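K.L.:
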Amino acid sequence: MSESALLDRIQADALTGRAIPDAATGETIGFAPEQTPADVDDAVARARTAQPAWETLGHEGRREALLAAADAIDAHAEELARLLSREQGKPLDGPNARFEVGACGMWLRDAATTALEPEVIIDDGEAYAEQHYGALGVVGAIGPWNWPLMIGIWQIAPSLRMGNTVVVKPSEYTPLSVLALLDIMNAHLPADVLIPVVSGDREVGARLASHPDVAKLMFTGSTATGRKIIEATGGNLARLTLELGGNDAGIVLPDVDPAAIAEGLFWGAFINTGQTCAALKRLYVHDDVYDDVIEALADVAAQMPMGNGLEDGNVLGPLQNAKQFDIVKRLVDDAKTRGRVVLGGEPASDLGANFFQTTIIADLQDGDPLVDEEQFGPALPIIRYSDVEDAIASANRLDVGLGASVWSSDRGRAIEVAKRLRAGTTWINSHGTLHPKVPFGGVKQSGYGQEFSVAGLKAVAEPRVISG
Ligand code: TXE
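So for the sequence shown, the numbering used here puts the first residue at 6; every next one is plus one.
1) Using the C-alpha atoms, what's the distance from K174 back to P217?
2) Any idea if E131 is buried or exposed, counting beta-carbon neighbours within 10 angstroms, 16 or more meaning buried?
3) Taking only heavy atoms of the ligand TXE into account, decide whether any of them is closer than 7 Å to the Cβ of P42.
4) Are there any heavy atoms of the ligand TXE lying less than 7 Å away from the beta-carbon of T238, as far as the coordinates show?
5) Give every residue of the same chain whose Cβ lies closer than 6 Å to the Cβ of A485, excluding the five residues on either side of it in the sequence, and list them in chain order.
6) As a quick exercise: from D355, P374, L385, A353, pick the residue whose alpha carbon is nearest that of I366.
7) Please confirm whether any heavy atom of the ligand TXE lies closer than 7 Å to the CB of E105.
8) What do you get for K221, buried or exposed, if any count of 16 or more other CB atoms within 10 angstroms of its CB means buried?
9) Based on DSSP bridge pairs, tell me the residues matched to Q40.
10) Leaving aside the five residues before and after L12 along the sequence, list all residues of the same chain whose C-beta is less than 8 Å from its C-beta, in chain order.
11) Who are the near neighbours of E378 in its chain, counting only those whose CB is closer than 7 Å to its CB and skipping five residues on each side?
12) Does R23 come out as helix, strand or coil in the three-state DSSP assignment?
13) Can the beta-carbon of A146 be found less than 8 Å from the beta-carbon of L71?
14) Please identify the residue among F361, D338, W152 whose C-alpha is closest to the C-alpha of P352.
15) Taking 8 Å as the cut-off, does the stretch 367-375 touch the stretch 318-330 (at least 3 CB pairs, one atom from each stretch)?
16) Within this structure, are the beta carbons of E456 and W159 separated by less than 8 Å?
17) Residue ranges of each beta strand (DSSP E) run of no fewer than 3 residues wholly in the stretch 309-350, ordered along the chain?
18) Leaving out five residues before and five after K341 in sequence, what residues of the same chain have Cβ atoms less than 8 Å from its Cβ?
19) Please report how far the alpha carbon of H440 lies from the alpha carbon of L426, in whole angstroms.
20) Would L258 and V405 qualify as a contact pair, given that the criterion is a beta-carbon distance under 8 Å?
21) Count the other CB atoms within 10 Å of the CB of V470; is the residue buried (16 or more) or exposed (fewer)?
22) Would the beta-carbon of R232 be found less than 7 Å away from any heavy atom of the ligand TXE?
23) Given that a residue counts as buried once 16 or more other Cβ atoms are within 10 Å of its Cβ, and exposed if not, what is A196?
24) Between which two residues does the alpha helix (DSSP H) holding K463 run?
25) In terms of DSSP beta bridges, what is T246 paired with?
26) With hydrogens ignored, establish whether the beta-carbon of I365 is closer than 7 Å to any heavy atom of the ligand TXE.
27) Using three-state DSSP, classify L285 as helix, strand or coil.
28) Considering only their Cβ atoms, is the gap separating D304 from I414 smaller than 8 Å?
29) Helix, strand or coil, according to DSSP, for W150 in the structure here?
30) Using 8 Å as the threshold, is the C-beta distance between L462 and T119 below it?
31) Between R389 and D368, is the Cβ-Cβ spacing less than 8 Å?
32) Between the stretch 90-101 and the stretch 223-238, are three or more C-beta pairs nearer than 8 Å?
33) Is there contact between the stretch 270-290 and the stretch 431-449, where contact requires at least three CB pairs shorter than 8 Å?
34) Compare the C-alpha of C109 against each of A29, A80, F224 and name the closest.
35) If you measure between the beta carbons of M311 and L321, is that distance less than 8 Å?
36) Is any heavy atom in the ligand TXE found nearer than 7 Å to the beta carbon of T225?
Here you go:
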């Protein structure tokens with residue numbers, strides 16, 4: 006199937022749909038169906054009706070269906086990646102669109118095949134209890150625009166695996182690629198087990214969050230919306246997994262080889278052109294290596310091509326939307342008055358309206374807006390430190406804690422520092438590398454609940470104890 010045939014299967018007509026622009030060029034790619042809170046009610050009712058049979062199918066039956074869906078994603082990988090590239094902006098090449106579609110199959114297979122057996126909690130001759138895990142019912146999956154397919158799968162795959170049915174609300178910025186993904190998967194799933202609802206506005210997400218028949222919400226997005234979702238679930242008491250914003254710190258210790266870590270630092274910060282929840286968003290570098298690390302990082306960054314995602318060789322793209330572009334521009338304009346521009350610092354207007362140059366700004370300090378606020382774009386602030394205690398305190402001083410990283414030639418020393426960082430994940434000599442077997446989630450105001458692996462399955466299951 007070609008990319009346009011894929012699009013034709015899911016899009017609305019131009020009269021009733023909402024035009025979705027190509028993030029790089031602004032041209033209309035296609036038209037997303039406009040839906041309303043009443044459509045949410047209908048979707049939840051259908052998902053609720055379909056759920057018992059899906060649960061009764063058992064793990065084996067669901068595993069077969071989910072593995073077939075994963076094979077179908079792989080079979081349509083190139084057209085999905087092209088649509089994603091146009092809608093989201095990320096290039097086909099590099100750790101971007103093709104990588105994201107590949108990750109969908111990988112995470113779906115892992116969820117489908119990971120076992121979650123009943124656990125004997127106590128068996129001492131007097132007391133006996135087993136912990137079982139059942140389905141919760143209908144899960145609402147509300148997604149963002151930065152990794153719309155991969156994060157969608159992170160929400161959908163464990164939920165389906167555990168026997169829930171799922172109503173999906175993609176971001177209004179990236180509905181088409183998610184609709185296409187679900188269309189491909191649904192060819193292998195029973196009717197109404199996986200239902201997309203596309204928002205014309207945020208009311209649709211709000212209705213899903215407060216719906217009385219939604220048992221669980223998987224949400225990835227901003228901390229502000231996360232708070233609204235918590236409030237919305239006061240009535241239905243839906244369980245929550247919240248993956249919210251972050252402002253991940255990286256600490257470079259004085260013993261590093263700057264050239265050896267430069268590429269890892271670059272991708273840690275600039276993957277998906279910086280629009281990644283667990284990206285490196287503020288970098289603390291020791292005085293001894295400060296100039297050398299900045300030079301090595303800038304050398305790598307300057308060689309990374311930015312441009313239209315469909316063109317071969319580009320590995321950086323535009324900001325996905327004008328709102329995000331404005332945030333990045335405001336923070337960089339301010340940072341230029343406080344620090345030293347090492348690279349970039351301006352809109353890349355020659356490439357298109359939403360492009361911003363790969364930007365590195367050194368000599369910034371805690372409290373500067375580019376350091377303290379989540380930039381979610383291609384602009385990295387660098388802060389000098391001389392005492393590692395100060396760097397640890399700086400890393401921990403914000404109210405968010407998704408990821409963090411420590412960079413050192415001495416693994417033992419790096420782990421000692423890592424143990425003191427309040428983050429859901431602290432990486433050593435990389436940043437943001439994820440694995441389906443390794444639980445992932447935030448601490449503090451970066452959210453709660455873990456995804457992936459057994460922990461992720463339990464998060465979308467109903468724990469039931471059988472005792473006696
Ligand atoms: O997110 P929102 P936006 C950060 C990033 C960015 C900021 C805003 O800093 O600048 O968030 O991005 C749905 N009830 N991240 O505006 O508003 C909405 O329709 C229920 C970090 O895109 O949080 C969309 O599907 N749902 C993040 C989803 O919530 C509601 C990734 C996310 O939208 C709703 C993206 C409501 N009241 C942005 N209001 C990460 N952690 O990766 C909106 N939605």
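C-beta: ideal position from N, C-alpha, C; glycine also.
What you are looking at is a predicted structure, and each value in this text was computed from that prediction instead of being measured.
P.N.:
Once the coordinates are examined:
1) Your numbering for residue 217 matches position 212 in the sequence shown. Your numbering for residue 174 matches position 169 in the sequence shown. Their backbone Cα atoms lie some 17 Å apart in a straight line.
2) Position 126 of the sequence shown holds residue 131. Counting Cβ neighbours within 10 Å, E131 comes out exposed, since fewer than 16 surround it.
3) Here residue 42 refers to the residue found at position 37 of the sequence shown. Answer for P42: no, Cβ out of range of the ligand TXE.
4) In the sequence shown, counting from the first residue as 1, residue 238 sits at position 233. No, the beta carbon of T238 sits no closer than 7 Å to any heavy atom of the ligand TXE.
5) As shown, the chain starts at 6 and ends at 473. That puts residue 485 outside it, with no answer to give.
6) Translated into the one-based positions of the sequence shown, residue 366 becomes position 361. Among D355, P374, L385, A353, the Cα nearest to that of I366 belongs to L385.
7) Walking along the sequence shown from the start, residue 105 turns up at place 100. Every heavy atom of the ligand TXE is 7 Å or more from the Cβ of E105, so no.
8) Indexing the sequence shown from 1 puts residue 221 at position 216. Classification for K221: buried.
9) Here residue 40 is taken as the residue at index 35 of the sequence shown, counted from 1. Answer is S204, bridged to Q40.
10) Within the sequence shown, residue 12 is the residue found at index 7, counting from 1. Excluding positions up to five away in sequence, the list reads I34, G35, L88, L181, A185.
11) Indexing the sequence shown from 1 puts residue 378 at position 373. The answer, listed in chain order, is L336.
12) What you label residue 23 is simply residue 18 of the sequence shown in a count that begins at 1. Strand, per DSSP.
13) For the purposes of this step, residue 146 is taken as residue 141 along the sequence shown, with counting starting at 1. For the purposes of this step, residue 71 is taken as residue 66 along the sequence shown, with counting starting at 1. No.
14) Numbered from its first residue, the sequence shown carries residue 352 at position 347. It is F361 whose Cα lies nearest to the Cα of P352.
15) no
16) Taking the first residue of the sequence shown as position 1, residue 456 is located at position 451. Taking the first residue of the sequence shown as position 1, residue 159 is located at position 154. In contact: E456 and W159 (Cβ atoms closer than 8 Å).
17) 345-348
18) The sequence position of residue 341 within the sequence shown is 336, counting from 1. Closer than 8 Å at the Cβ level, and outside the excluded window around K341, lie G350, I366.
19) Locating residue 440 in the sequence shown gives position 435, counting from the first residue. Locating residue 426 in the sequence shown gives position 421, counting from the first residue. Their backbone Cα atoms lie some 21 Å apart in a straight line.
20) Position 253 of the sequence shown holds residue 258. Position 400 of the sequence shown holds residue 405. No; because the gap between Cβ atoms is not below 8 Å, this pair is not in contact.
21) In the sequence shown, the residue the question calls residue 470 occupies position 465. Flag for V470 reads exposed.
22) By one-based count along the sequence shown, residue 232 stands at place 227. R232: no, Cβ never under 7 Å from the ligand TXE.
23) Translated into positions along the sequence shown, residue 196 becomes position 191. Counting Cβ neighbours within 10 Å, A196 comes out exposed, since fewer than 16 surround it.
24) In the sequence shown, residue 463 corresponds to position 458, counting from 1. Taken as a continuous stretch (DSSP letters only), the alpha helix (DSSP H) holding K463 covers 458-464.
25) Within the sequence shown, the letter at position 241 stands for residue 246. According to DSSP, which records beta bridges pairwise, T246 is partnered with M223.
26) Taking the sequence shown and counting its residues from 1, one reaches residue 365 at position 360. Because no heavy atom of the ligand TXE lies under 7 Å away, the Cβ of I365 does not count as near it: no.
27) As a working note, residue 285 is residue 280 in the sequence shown. Correct three-state label for L285: strand.
28) Residue numbering aside, residue 414 sits at position 409 when the sequence shown is read from its first letter. Residue numbering aside, residue 304 sits at position 299 when the sequence shown is read from its first letter. The sequence given here places Ser at residue 414; Ile does not occur at that position. No, the Cβ-Cβ distance between S414 and D304 is not below 8 Å.
29) The residue labelled residue 150 in the question sits at position 145 within the sequence shown. Three-state result, W150: coil.
30) For the purposes of this step, residue 462 is taken as the residue at position 457 of the sequence shown. For the purposes of this step, residue 119 is taken as the residue at position 114 of the sequence shown. It is a contact, given that the beta carbons lie within the stated cut-off.
31) Position 384 of the sequence shown holds residue 389. Position 363 of the sequence shown holds residue 368. Yes, Cβ-Cβ distance for R389 and D368 is below 8 Å.
32) no
33) yes
34) Locating residue 109 in the sequence shown gives position 104, where the first residue counts as 1. Checking every option, the nearest Cα to that of C109 belongs to A80.
35) Walking along the sequence shown from the start, residue 311 turns up at place 306. Walking along the sequence shown from the start, residue 321 turns up at place 316. Yes. Within cutoff.
36) Sequence index remark: in the sequence shown, residue 225 carries index 220 (1-based). Yes, since a heavy atom of the ligand TXE falls inside the 7 Å radius drawn around the Cβ of T225.
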